[in-house]
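Participant: Residue numbers (my numbering): -8 to 43.
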Amino acid sequence: MEQVSDIAPADAQALFEYLLRLGDNGLILGHRLSEWCGHAPVLEEELALSNI
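1) Using the three-state DSSP reduction, which class does N42 fall into: helix, strand or coil?
2) DSSP state of I(-2), grouped into three classes?
3) In whole angstroms, give me the CA-to-CA distance for E36 and G21.
4) Give the C-beta separation of L6 and I(-2) to the nearest angstrom, bearing in mind that I take them to be a contact with Cβ-Cβ under 8 Å.
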C-alpha cells in the first residue's frame, strides 16, 4: 500500500477532492434521514430508517 507522500501532487489533490465529496454526501444523506425520523407515515418505517 502506498503512503500518501508517495502519491503525485495532482493525484493527491484528486484523492482529497474525492474523499471530501464522499464525506459531503454522507453528511447530506444523514441530514435527509434525520428529517424523516419522527415524521415517517408508519412507525415501523420510522424505526427501520433510524436503524440504518
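In this text, a Cβ means the ideal position worked out from N, Cα and C, and glycines have one as well. All values reported here derive from a predicted model rather than from experimental measurement.
Facilitator: Working from what's here:
1) For the purposes of this step, residue 42 is identified with residue 51 of the sequence shown, where counting begins at 1. Residue state, collapsed to three classes: coil.
2) If you number the sequence shown from 1, residue -2 lands on position 7. Reduced to three states, the DSSP call for I(-2) is coil.
3) In the sequence shown, residue 36 corresponds to position 45, counting from 1. In the sequence shown, residue 21 corresponds to position 30, counting from 1. Whole-angstrom Cα-Cα distance: 16 Å.
4) As a first step, residue 6 is located in the sequence shown; it is residue number 15 there, counting from the start. As a first step, residue -2 is located in the sequence shown; it is residue number 7 there, counting from the start. Approximately 7 Å separates the beta-carbon atoms of L6 and I(-2); this is inside 8 Å, confirming the contact.
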